[in-house]
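Residue numbers (UniProt numbering): 1 to 69.
Structure, rendered in structure tokens:
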């Protein structure tokens, strides 16, 4: 995460998130990162509002498997 903050050509959060997503897809580790993120309730509550798919624990169980396909 720190290396994406150091990139000078990325000016906002969207660009940083896009770079991180692209990197995790290229490394074929998106499933692992999603699992770490989903299991961290502090991150979920910080970035997502109640009622969204990321806050639904049942749907969160299948999301990493979908990312692996």
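No residue lacks a Cβ here, since even glycine has one placed at the ideal position from N, Cα and C.
Bear in mind the structure is a predicted one, so any value in this text is a computation, not a measurement.
Worksheet item: Looking at residue 33 and residue 24, is the spacing between their C-beta atoms short of 9 Å?
Response: Inclusion of residue 24 and residue 33 in the CB contact set at 9 Å is warranted, their separation being smaller than that value.
Fill in: Where residue 10 falls: helix, strand or coil (DSSP)
Residue 10 carries a coil assignment under DSSP once its states are collapsed to helix, strand and coil.
Worksheet item: Can you tell me the Cα-Cα spacing of residue 70 and residue 41, whole angstroms?
Response: As shown, the chain starts at 1 and ends at 69. That puts residue 70 outside it, with no answer to give.
Item to complete: Note the first and the last residue of the continuous alpha helix (DSSP H) segment covering residue 28.
Response: That residue, residue 28, is in no alpha helix (DSSP H); it is neither H nor E in DSSP.
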